[in-house]
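K.L.:
Using this note's numbering, you'd call the opening residue of the sequence shown number 3 and step up by one each time. Every residue gets a Cβ at the ideal spot worked out from N, C-alpha and C, and that includes glycine. Once you've had a glance at the structure underneath, I'll fire off some questions.
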Amino acid sequence: MARYFIWTIGCQMNKAESQQIAGCLDSAGYQAATSFSDADLVVLNTCVVRQSAENKVLGTLSLLKGLKTKHPDLQILVTGCFVNSDAKELKNRFPHVDLLFKPGDYPELIAWGHKQGIPIEQRLLRYPRNDGWMASLPCAFIPIIQGCDNFCSYCIVPYRRGREVSRPLEEIVCEVEELVRRGIKEVALLGQNVDSYGHDLPGRSDLADLLNELSSIDDLVRIRFLTNHPKDISLKLIEAMASLDKVCEHLELPVQSGDNDILKAMRRGYTVEQYRELVHTIRHKIPQISLSTDIIVGFPGETEEQFERSLSLVQEVRFDVVHIAAYSPRSGTIAWREYQDDIPADMKKERLNKIEELQTAIASEINSQLQGKEVEVLVEGRKKGRWFGRTRSNKLVFFEDAGEWQGQLARIQIAKTSPWSLGGQVKNKY
Ligand code: SAM
Ligand code: SF4
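Right under this line is the structure:
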């Protein structure tokens with residue numbers, strides 16, 4: 003039986019799309035391989051949001067060149083944000099690649115499959131997870147809106163993933179119903195900007211409407227959604243979160259900078275004051291909310307004072323999680339055209355470390371408040387003899403127990419906390 007191996011880096015959307023591609027290949031009779039070297043077909047699902055990610059893609063492509071020389075029948079497919087609109091140029095640079103297709107561009111994958119005699123069916127893309135996968139994982143990522151219309155000055159995503167296109171609400175509800183019938187308990191709705199969901203649909207249903215519809219699916223236990231844009235998140239959505247029990251108390255709300263001039267140069271469309279007010283409203287309506295954010299340090303021209311404003315915003319807001327990135331110029335973006343990447347790498351690193359250090363202390367304090375408390379954990383798997391899963395607030399919890407917990411909801415009493423995870427003992431099953 004032919005075997006495939008999928009290599010994925012980048013965001014949750016890439017992970018979701020890799021699951022879909024895996025489902026397609028499973029259904030077409032392929033079997034999953036454990037490495038490049040024992041596969042007949044490999045798919046690289048790529049990210050180029052930062053130069054470091056792009057370098058990994060280039061390294062892997064060169065490794066595969068060697069493999070293809072040894073095994074000329076090996077099929078190499080590349081998707082994700084590495085694939086730009088000039089496929090011809092990429093094809094010339096990487097002649098060992100058999101197919102380049104844009105993220106989510108399945109018609110191209112299907113057409114290629116048919117030419118190769120791989121019978122990929124369009125309908126399988128809707129419910130692509132095979133039963134083996136379903137039997138184990140209790141959570142599924144569901145892309146609900148593709149692309150991004152925002153053009154933040156530093157970001158390459160709109161150039162690679164195109165403009166926003168929402169999936170019809172009924173189609174998503176059908177998919178989730180089917181997944182729940184097959185055992186899924188939690189769904190994470192994905193988009194580069196989920197708050198824009200529906201603006202392009204007839205009838206203009208929005209994310210709050212979708213959350214309402216999904217909440218009425220009986221055996222669905224948890225609903226999450228990411229990523230939010232501070233300029234687009236609506237009061238209606240916050241109120242829906244507050245009132246719908248199945249919607250988890252967790253929000254990804256990237257701020258990117260604590261300085262208004264930098265936010266303007268980033269074209270984020272909000273001020274620090276507006277962001278602060280938004281956090282206040284969210285915390286007022288949903289007191290248990292756990293907040294994550296993204297911050298870029300070393301954006302062109304960022305002075306020490308401007309950086310300090312990001313640092314003090316982190317201090318003030320007390321996020322549960324902060325993802326910090328050093329600015330990386332991306333060819334073709336507005337910032338790449340208009341600004342010089344003038345902050346030296348060691349200064350970027352120093353700023354990144356400062357925020358990381360502060361955030362580690364904050365997360366440590368926040369998590370220590372859970373000591374002795376009971377939390378609900380949806381168990382995702384086992385690692386080094388311990389079960390692990392996540393709370394509704396998206397905190398990672400480990401516990402030891404001889405029982406079978408895969409895909410189950412467990413009530414865990416927290417005995418140990420750290421900035422990154424929690425540990426505890428089973429109190430009882432739900
Ligand atoms: N749509 C989300 C938002 O509005 O923030 C995030 C999507 S973006 C692909 C994921 C994260 O990568 C961003 O939040 C940002 O912090 C980081 N990022 C994007 N472009 C970057 C760049 N050129 N340099 C450094 N970090 C970058
Ligand atoms: Fe990139 Fe901004 Fe769109 Fe997020 S909202 S994907 S950062 S352009």
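Leaving out five residues on either side along the sequence, give the residues of the same chain with a beta carbon under 6 Å from the beta carbon of Cys13.
P.N.:
none
K.L.:
Enumerate, from N- to C-terminal direction, the unbroken beta strand (DSSP E) stretches of 3 or more residues contained entirely within the stretch 46-80.
P.N.:
DSSP runs (the beta strand (DSSP E)) wholly in the stretch 46-80: none.
K.L.:
Is the Cβ-Cβ distance between Tyr329 and Tyr156 less than 8 Å?
P.N.:
yes
K.L.:
In whole angstroms, what is the alpha-carbon distance linking Gln33 and Cys26?
P.N.:
11 Å
K.L.:
Confirm the yes/no value for this check: CB of Pro145, any heavy atom of the ligand SAH, distance under 7 Å.
P.N.:
Judged by which ligands are present, the ligand SAH is missing from the structure shown, whose ligands are the ligand SAM and the ligand SF4.
K.L.:
Among residues of its own chain, excluding the 5 on either side of Leu92, which ones have a beta-carbon nearer than 6 Å to its beta-carbon?
P.N.:
For Leu92, same chain residues with a beta-carbon under 6 Å away, outside a window of 5 residues either side, are Leu102 in chain order.
K.L.:
Give the secondary structure of Gln342 by DSSP, where H, G and I count as helix, E and B as strand, and everything else as coil.
P.N.:
coil
K.L.:
Please determine, among Pro302, Met243 and Leu354, the residue with the shortest C-alpha to C-alpha distance to Val324.
P.N.:
Leu354
K.L.:
From the DSSP output, in three-state form, read off Leu127 for me.
P.N.:
With a pLDDT of only 45 at Leu127, under the threshold of 50, the placement of this residue in the model should not be trusted; the figure read from the coordinates follows. Looking at Leu127 - three-state DSSP - the assignment turns out to be helix.
K.L.:
Could you tell me if Gln194 is buried or exposed, where buried requires 16 or more neighbouring beta carbons within 10 angstroms of its beta carbon?
P.N.:
It is buried - the Cβ of Gln194 has at least 16 other Cβ atoms within 10 Å.
K.L.:
Assuming Asp344 contacts Gly303 under a Cβ cut-off of 8 Å, what Cβ separation, rounded to an integer in Å, is found between them?
P.N.:
7 Å
K.L.:
Specify the secondary structure class of Cys397 as computed by DSSP and reduced to three states.
P.N.:
For the record, residue 397 in the displayed sequence is Lys; it is not Cys. Coil.
K.L.:
Measure from the alpha carbon of Gly164 to the alpha carbon of each residue in Ala365, Ala327 and Gly82, then state which is nearest.
P.N.:
Looking at the Cα atoms, Gly82 is the closest of the given residues.
K.L.:
State the Cα-Cα distance for the pair Arg392 and Val399, rounded to the nearest angstrom.
P.N.:
6 Å
K.L.:
What residues match up with Glu91 in a beta bridge as DSSP calls it?
P.N.:
Per DSSP, none; premise fails for Glu91.
K.L.:
Contact between the stretch 333-341 and the stretch 381-388: three or more CB pairs below 8 Å?
P.N.:
no
K.L.:
Reducing DSSP to helix, strand and coil, say where Ile122 ends up.
P.N.:
Here Ile122 sits in coil by DSSP.
K.L.:
Under 8 Å between the Cβ atoms of Ile436 and Ala190?
P.N.:
Examination of residue 436 is not possible in this model, given that the chain is present from 3 through 432 alone.
K.L.:
I'd like to confirm something about Gln194: is its beta-carbon nearer than 7 Å to some heavy atom of the ligand SF4, or not?
P.N.:
In this structure, Gln194 has its beta carbon less than 7 Å from a heavy atom of the ligand SF4.
K.L.:
Can you give the beta carbon distance from Phe261 to Arg320, rounded, assuming they're within the 8 Å contact cut?
P.N.:
Before going further, note that residue 261 is Asp rather than Phe in the sequence given. About 19 Å separates the two Cβ atoms, so there is no contact after all.
K.L.:
Using a threshold of 8 Å, state whether the C-beta atoms of Gly106 and Glu19 are closer than that.
P.N.:
yes
K.L.:
By the 10 Å Cβ neighbour count, where 16 or more other Cβ atoms means buried, how is Thr305 classified, buried or exposed?
P.N.:
exposed
K.L.:
Closest by CA to Glu376, which one among Gly405, Arg413 and Gln276?
P.N.:
Arg413
K.L.:
Distance, Cα to Cα, Trp2 vs Arg206?
P.N.:
It is not possible to answer for residue 2, since the shown part of the chain is limited to 3 through 432.
K.L.:
Which same chain residues, not among the five before or five after Gln1, have their C-beta less than 8 Å away from its C-beta?
P.N.:
Residue 1 lies beyond the range of the chain shown here (3 to 432); nothing can be said about it.
K.L.:
In this structure, what does DSSP give as the bridge partners for Ala34?
P.N.:
For Ala34, which the question treats as bridged, DSSP gives the partners Tyr6.
K.L.:
So, with DSSP's three-state summary, where would you put His325?
P.N.:
strand
K.L.:
By DSSP's criteria, Asp296 is part of a beta bridge. Which residues make up the other side?
P.N.:
His325
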